[in-house]
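**Q** Structure incoming, see below.
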Amino acid sequence: MTDALTVVRRRRRILEYLCEGAAPKRDIVATTESSRSTVNRAVSELSSLGLVERVDGGFRTTTPGRLSLDVVTETSETIRTIRESSDVLSNVPLESHVSHRFLVGAHVVTGDSAAPYSGVDDAFDRLRRADRVRGFGIADNDPRWTRILHERATDGSMTVSVAVTRRMAEYVLDRYDDKVEEYLAADDYRIRVCESLPFEMFLFDIEGRTVAHLLVVDETGSFVGQVENDRPDAVAWAEARFAERFEAGVPISELLG
Numbered sequence: 001m002t003d004a005l006t007v008v009r010r011r012r013r014i015l016e017y018l019c020e021g022a023a024p025k026r027d028i029v030a031t032t033e034s035s036r037s038t039v040n041r042a043v044s045e046l047s048s049l050g051l052v053e054r055v056d057g058g059f060r061t062t063t064p065g066r067l068s069l070d071v072v073t074e075t076s077e078t079i080r081t082i083r084e085s086s087d088v089l090s091n092v093p094l095e096s097h098v099s100h101r102f103l104v105g106a107h108v109v110t111g112d113s114a115a116p117y118s119g120v121d122d123a124f125d126r127l128r129r130a131d132r133v134r135g136f137g138i139a140d141n142d143p144r145w146t147r148i149l150h151e152r153a154t155d156g157s158m159t160v161s162v163a164v165t166r167r168m169a170e171y172v173l174d175r176y177d178d179k180v181e182e183y184l185a186a187d188d189y190r191i192r193v194c195e196s197l198p199f200e201m202f203l204f205d206i207e208g209r210t211v212a213h214l215l216v217v218d219e220t221g222s223f224v225g226q227v228e229n230d231r232p233d234a235v236a237w238a239e240a241r242f243a244e245r246f247e248a249g250v251p252i253s254e255l256l257g
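Numbering of the sequence shown is given in UniProt numbering, commencing with residue 1 and proceeding in unit increments.
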């Protein structure tokens with residue numbers, strides 16, 4: 001397996017070219033700007049692993065070859081995302097077990113200390129347009145967020161299911177005590193309380209499409225960045241994490257005694 005992985009990484013350009021269709025060695029040499037000897041070695045290595053095959057017209061990538069190429073490409077892109085966003089991701093606790101699947105094809109935005117809320121503009125836009133919102137809340141970083149969530153949930157224009165930490169729940173009940181009755185009366189506004197939550201995350205459903213946002217805060221609760229992804233694998237992971245924690249929580253009404 002290690003040898004195959006090394007070969008695919010090293011011969012990636014040739015595999016990509018041969019995915020487009022069969023080609024003789026002379027065309028591989030010209031297109032990839034490789035020497036004849038390099039192409040001979042590459043074709044020999046890839047053929048021995050069943051990743052390319054001889055056909056009329058030269059050589060082409062096999063289905064195992066294409067699948068192997070997809071894995072290597074995806075892994076390379078994910079590692080690049082991790083490296084480029086390490087300042088943001090370093091604030092996500094190790095024990096939260098964020099999946100690398102959530103980072104495949106993700107868009108990462110870093111917060112600006114001079115404009116601390118500028119990084120969540122996309123999330124705010126989706127909050128305003130969403131039909132349904134699910135997520136974790138661990139900090140009240142921006143009053144606009146709580147206000148929009150409350151207004152849309154209580155007027156019936158959006159279904160909301162949110163899990164918050166006990167500390168956050170107590171803060172909300174105190175800070176927004178004049179809204180508590182509206183919280184409890186809204187049919188489509190469910191708030192559950194958990195002892196702890198791994199991170200701040202929201203799923204926005206807009207016209208049949210779901211987008212997941214992982215909002216990253218530092219140990220003081222200040223926003224440092226977000227990871228946004230709408231790929232099916234990423235959304236499925238986020239939905240599973242939300243369902244697991246939300247169902248484990250208790251209704252916020254139980255805190256009212």
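Where a beta carbon is used, it is the ideal one built from N, C-alpha and C, also for glycine. All of these numbers come straight from a predicted model, not from anything done at the bench.
Helix, strand or coil, according to DSSP, for P232 in the structure here?
**A** For the purposes of this step, residue 232 is taken as residue 232 along the sequence shown, with counting starting at 1. Helix.
**Q** Can you look up G225 in the DSSP assignment and give me helix, strand or coil?
**A** The residue labelled residue 225 in the question sits at position 225 within the sequence shown. Here G225 sits in strand by DSSP.
**Q** How many angstroms separate the CA atom of N91 from the CA atom of R36?
**A** By 1-based counting over the sequence shown, the position of residue 91 is 91. By 1-based counting over the sequence shown, the position of residue 36 is 36. Between N91 and R36, the C-alpha separation is close to 49 Å.
**Q** Taking the runs of the beta strand (DSSP E) that are 3 residues or longer, which of them lie wholly in the region 44-101?
**A** The DSSP assignment places complete beta strand (DSSP E) segments of no fewer than 3 residues inside the region 44-101 at 52-55, 58-61, in order along the chain.
**Q** If distances are taken between C-alpha atoms only, which option among I148, L67, R134, T62 comes closest to A22?
**A** Along the sequence shown, read from residue 1 onward, the residue named residue 22 stands at position 22. The option with the nearest alpha carbon to A22 is T62.
**Q** Please report the residue range of the alpha helix (DSSP H) in which D174 lies.
**A** Working through the sequence shown from its first residue, we reach residue 174 at position 174. Note, D174: alpha helix (DSSP H), 166-175.
**Q** Output the distance between the C-alpha atoms of R147 and H100, rounded to the nearest integer angstrom.
**A** Taking the first residue of the sequence shown as 1, we reach residue 147 at position 147. Taking the first residue of the sequence shown as 1, we reach residue 100 at position 100. Cα-Cα distance, rounded: 33 Å.
**Q** Which same chain residues, not among the five before or five after L89, have their C-beta less than 7 Å away from its C-beta?
**A** Within the sequence shown, the letter at position 89 stands for residue 89. Here the set comprises I82.
**Q** Note down, in chain order, each residue of its chain lying with its Cβ closer than 7 Å to the Cβ of D205, except the 5 sequence neighbours on either side.
**A** Taking the first residue of the sequence shown as 1, we reach residue 205 at position 205. For D205, where only same-chain residues beyond five positions count, the Cβ hits under 7 Å are A130, D131, R132.
**Q** Would the region 195-209 count as touching the region 234-248 if we require 3 or more Cβ pairs under 8 Å?
**A** yes
**Q** Using only alpha-carbon positions, find the residue among D155, T220, R12, V109 that is nearest to A185.
**A** On the sequence shown, residue 185 is found 185 positions in, with the first residue counted as 1. Closest by C-alpha distance to A185, out of D155, T220, R12, V109, is D155.
**Q** Give the DSSP-derived three-state secondary structure of E207 in the structure shown.
**A** Here residue 207 corresponds to residue number 207 of the sequence shown, with the count starting at 1. Reduced to three states, the DSSP call for E207 is coil.
**Q** Among the candidates V72, E20, V162, whose CA atom is the shortest distance from the CA of Y189?
**A** Walking along the sequence shown from the start, residue 189 turns up at place 189. For Y189, the closest alpha carbon among the candidates V72, E20, V162 is that of V162.
**Q** With distances taken from CA atoms, which of E16, A106, S96, H97 is nearest Q226?
**A** Position 226 of the sequence shown, counted from the first residue, corresponds to residue 226. Ranking E16, A106, S96, H97 by Cα distance to Q226 puts A106 first.
**Q** In three-state DSSP terms, what is L197?
**A** Sequence index remark: in the sequence shown, residue 197 carries index 197 (1-based). Here L197 sits in coil by DSSP.
**Q** Comparing C-alpha positions only, which one of A123, L149, I191, Y171 sits nearest to V216?
**A** Within the sequence shown, numbered from 1, the residue matching residue 216 stands at position 216. When only C-alpha atoms are compared, the closest one is A123.
**Q** What are the partner residues of L215, as DSSP defines its beta bridges?
**A** The sequence position of residue 215 within the sequence shown is 215, counting from 1. DSSP output for L215 lists E200, Q226 as bridge partner(s).
**Q** What are the boundary residues of the alpha helix (DSSP H) that V29 is part of?
**A** Within the sequence shown, numbered from 1, the residue matching residue 29 stands at position 29. Here the alpha helix (DSSP H) through V29 covers 25-32.
**Q** Distance, Cα to Cα, G137 vs R80?
**A** For the purposes of this step, residue 137 is taken as residue 137 along the sequence shown, with counting starting at 1. For the purposes of this step, residue 80 is taken as residue 80 along the sequence shown, with counting starting at 1. Their Cα atoms are separated by approximately 28 Å.
**Q** D87: which of V72, V109, V98, E95 sits nearest, CA to CA?
**A** As a first step, residue 87 is located in the sequence shown; it is residue number 87 there, counting from the start. Among V72, V109, V98, E95, the Cα nearest to that of D87 is on V109.
**Q** Would you report the Cα separation of E228 and V160, rounded to the nearest angstrom?
**A** In the sequence shown, the residue the question calls residue 228 occupies position 228. In the sequence shown, the residue the question calls residue 160 occupies position 160. In a straight line, the C-alpha of E228 is about 19 Å away from that of V160.
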